[in-house]
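Encoded as structure tokens, the structure appears first; notes follow it.
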Amino acid sequence: MDLNTVLEVRDGRQHALWRTGDAWLGGGTYLFSEPQPHLRRLVDLSRMGWEPLTRLPDGSLEIAATCTIAQLSRFAATFPVPAAPLFEQCCRAFLASFKIWNMATLGGNLCNGLPAGPMISLTAALDGSCLLQAQDGRRRRVQVADFITGAGRKDLGEGELLRSVTLPARALTCRTAFRQVSLYGLGRSGALVIGTLDPLDGSLAITVTAATVRPFRLWFPTPPTAAVLHGTLDGAVTEPEWFDDIHGLPAWRRHMALRLAEEVRAELTTHSPSAREAVR
Ligand SMILES: Cc1cc2nc3c(=O)[nH]c(=O)nc-3n(C[C@H](O)[C@H](O)[C@H](O)COP(=O)(O)OP(=O)(O)OC[C@H]3O[C@@H](n4cnc5c(N)ncnc54)[C@H](O)[C@@H]3O)c2cc1C
32 MDLNTVLEVR DGRQHALWRT GDAWLGGGTY LFSEPQPHLR RLVDLSRMGW EPLTRLPDGS
92 LEIAATCTIA QLSRFAATFP VPAAPLFEQC CRAFLASFKI WNMATLGGNL CNGLPAGPMI
152 SLTAALDGSC LLQAQDGRRR RVQVADFITG AGRKDLGEGE LLRSVTLPAR ALTCRTAFRQ
212 VSLYGLGRSG ALVIGTLDPL DGSLAITVTA ATVRPFRLWF PTPPTAAVLH GTLDGAVTEP
272 EWFDDIHGLP AWRRHMALRL AEEVRAELTT HSPSAREAVR
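For the record, in the sequence shown the residue sitting at position 251 is 282 according to this note's numbering, with numbers rising by one throughout.
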């Protein structure tokens, strides 16, 4: 839709001083989807020229904030790591239109902070960290699971830019399991649960998104029993943290999250391949 309070679109490469009413423009799929009466200027990131995906010397993967869902999906198709299938599963959890698939960015998805943000699910589950840059150039890192602090809320200062997300090499070697549920076919995620089993030390992480207002990443040094997982997850998420909107009632989301978490636990612990098998 037209944003008729926006008077100027600036190129992010030549961006001047940040002003009240400015917003970073990623793919624009959220920004142009509803009125933004508080905005006066958009600062366009699409021509920053950042390499979408970079494998760093230590084996970690750096994903630029401007990387689109389409670029991530294409990359993952030939990415030779055990966690690669999770990328496509999360891209598909978007159930996006052609426009969203090709325009929406990783950064826009994280900074929108929706509970059903599938790039939040992917990067929180793979222990990702955000690189943030303030207007004065200062940089800091924060874990994705801590970056999202509530529904639509994130740890981002005024004018602060999400530059990239880095997924550590160790997380990419994990065996993963994925479950997602919506109230209706091709609907927005009501609960999304990802398990990652570390082949080196046998630890298990269970990450719940969509059902909750923010990501919950639970780490267990050894795989828990069904009862321990149920108790830990149910104890970690307080009542108001089960998300409530038109895409699902909190009680249903809680029920599904607990059920999917158990399915993920069972899938990853029934057959635990050796480290060598897992990285092959
Ligand atoms: C029909 C439809 C269905 C949708 N379904 C979903 C869904 O299932 N799940 C979901 O999560 N979203 C959904 N969305 C919302 C939106 O499309 C996605 O969240 C998308 O990932 C936003 O990415 P973008 O690059 O287009 O962000 P933009 O629209 O460009 O930006 C989103 C927000 O992030 C800020 N921002 C963007 N990039 C940065 C950056 N690098 N640093 C700091 N701030 C930044 C912007 O200022 C803005 O506030 C849907 C939208 C529509 C129209």
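We put the CB at the ideal spot given by N, CA and C, even for glycine.
At least one heavy atom of ligand 1 lies closer than 8 angstroms to the C-beta of residue 149. No Cβ-Cβ contact shorter than 9 angstroms links residue 217 with residue 242. Relative to the non-hydrogen atoms of ligand 1, the Cβ of residue 160 never comes closer than 8 angstroms to any of them. Annotation for residue 155: the continuous alpha helix (DSSP H) segment containing it runs 149-156. The C-alpha of residue 258 is placed about 11 angstroms away from the C-alpha of residue 265. Taking 8 angstroms as the cut-off, one finds at least one heavy atom of ligand 1 near enough to the beta carbon of residue 96. A straight-line Cα-Cα distance of about 15 angstroms links residue 237 and residue 203. Across the set 48, 292, 81, the C-alpha of 48 shows the shortest separation from the C-alpha of residue 168. Look at the beta carbons and you see the segment 206-217 touching the segment 282-295: at least three pairs across the two are nearer than 8 angstroms. Remark: the shortest separation between the CB of residue 59 and any heavy atom of ligand 1 falls under 8 angstroms.
Per the DSSP secondary-structure output, residue 171 pairs in a beta bridge with 163.
Three or more Cβ pairs drawn from the segment 71-78 and the segment 32-49 lie within less than 8 angstroms of each other, which places the two stretches in contact. Counting C-beta atoms within 10 angstroms of its own C-beta, residue 130 has fewer than 16 neighbours from the protein chains shown and is therefore classed as exposed.
Fully enclosed beta strand (DSSP E) runs of no fewer than 3 residues occupy 235-240, 247-251 of the segment 227-295, in order along the chain. Taking non-hydrogen atoms of ligand 1 into account, the C-beta of residue 64 is found less than 8 angstroms away from one of them. Contact between the segment 143-162 and the segment 121-128 is present, with at least three C-beta pairs closer than 8 angstroms. Residue nearest to residue 102 within the set 91, 89, 83 is 83 (criterion: CA-CA distance).
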